[in-house]
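In the numbering used here, the protein residues as written are 1 to 171. Glycine is no exception: its CB is placed at the ideal position from the N, C-alpha and C atoms.
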Amino acid sequence: MHWFNKKMLTGLGSSTLQALQGLQVGGHWALVGRQGEFAAGNGAAMRIAPLAFIEKIDRTTIRDVCRITHKNDEAYCGALIIYYAVNWSFLKKDSLKNLVKKIPDEIPDTLVKDRLLHITEYQNLSIYELGKKFKPTGHVVDSVPFAVFAAQKIENQSIKSIFAEIIKCGG
């Protein structure tokens, strides 16, 4: 809250901003996050990665971390996807190529899961080509599957070329 109160934070999503404003006036962490359709942003997914380095963490904790800002099943499932991708890649040393196929089995039935399943049909496309087909936005359904697709390309592309393709997609 110190950084927020000193206006040192920039680039906050609307759900995160709403949560911080609620906390600033004494709101409880479990109640201040955005709810409903507009809470399906990618902020929870961006925030979850550090927890993936903890060997065993339960889904309730992951859900609670998401709900501080995003009370939405799509946002929660997007965060789960990122959690599993990072956890399995680094702690289990699994191939990123296998993750796109394995992760959907762990995710509840949501639009973000459907999109992840759908992009498995496009494994031969470049990042840019997939970005033209499914424009990456701040909506978790658009951004998280796209990010996982792009991440798996590290086995065959340089990080520089991956970033160049992602940037070319916009969003």
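Assumed close pair Ala85, Cys66 - CB separation to whole angstroms, cut-off 8 Å: Counted from its first residue, the sequence shown places residue 85 at position 85. Counted from its first residue, the sequence shown places residue 66 at position 66. The Cβ separation is near 16 Å, so there is no contact.
Start-to-end residues for the alpha helix (DSSP H) that takes in Trp88: The sequence position of residue 88 within the sequence shown is 88, counting from 1. In the DSSP assignment, Trp88 falls within the alpha helix (DSSP H) that extends over Asp73 to Phe90.
Coil, strand or helix - Gly11 by DSSP: Here the question's residue 11 lines up with position 11 in the sequence shown. Three-state result, Gly11: coil.
Limits of the alpha helix (DSSP H) - the one that Tyr147 falls within: By one-based count along the sequence shown, residue 147 stands at place 147. The sequence shown places Ala at residue 147, rather than the Tyr named in the question. That run of the alpha helix (DSSP H) goes Val140 to Gln152.
For His70: DSSP bridge partner residues: Sequence index remark: in the sequence shown, residue 70 carries index 70 (1-based). Paired residues: Arg34.
Euclidean distance between Cα positions of Ala52 and Asn87: Counting from 1 along the sequence shown, the entry for residue 52 is found at position 52. Counting from 1 along the sequence shown, the entry for residue 87 is found at position 87. Each residue's Cα considered, the two are about 5 Å apart.
Inter-residue Cα distance where the pair is Leu31 and Arg47: The sequence position of residue 31 within the sequence shown is 31, counting from 1. The sequence position of residue 47 within the sequence shown is 47, counting from 1. So the two alpha carbons sit approximately 18 Å from each other.
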